[in-house]
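J.:
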Amino acid sequence: LYQPTILVGVILLALVYIVSVVILKVVLSEEARARLGRKLYLSGAAAYVAMWLITLVFVFNVMLQS
Numbered sequence: 333l334y335q336p337t338i339l340v341g342v343i344l345l346a347l348v349y350i351v352s353v354v355i356l357k358v359v360l361s362e363e364a365r366a367r368l369g370r371k372l373y374l375s376g377a378a379a380y381v382a383m384w385l386i387t388l389v390f391v392f393n394v395m396l397q398s
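Heads up: the sequence shown begins at 333 in the working numbering, then just goes up one per residue.
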């Protein structure tokens, strides 16, 4: 039986982040990315990663209690 571990969650988180960055680079034009600036772009990405980490920890804890 497959039991997800925190390592699988972290790998999944990294893959979701990479795919999200690629999608944002495709959707946003270079001019829009330049207007947003590197600092804003990275802080938005960091907030996104933090949200996924919080969700990962929450789900992992719920699964442990089941």
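C-beta: ideal position from N, C-alpha, C; glycine also.
State the Cα-Cα distance for the pair V342 and Y349, rounded to the nearest angstrom.
T.: Spanning the two alpha carbons is a distance of roughly 10 Å.
J.: Return the chain-ordered list of same chain residues with a C-beta closer than 6 Å to the C-beta of A406, the five sequence neighbours on each side being excluded.
T.: This structure gives no information on residue 406, because the portion of the chain shown stretches from 333 to 398.
J.: Do the CB positions of R365 and K357 come within less than 9 Å of each other?
T.: Yes, they are a contact pair.
J.: Excluding sequence positions up to five away, which residues of its chain have a Cβ less than 8 Å from the Cβ of L333?
T.: Unreliable placement is indicated for L333, whose pLDDT of 41 sits below 50; the coordinate value is still reported in the next sentence. So no residue of the chain qualifies.
J.: Express the C-alpha separation of Q397 and A382 in angstroms, rounding to a whole number.
T.: Each residue's Cα considered, the two are about 23 Å apart.
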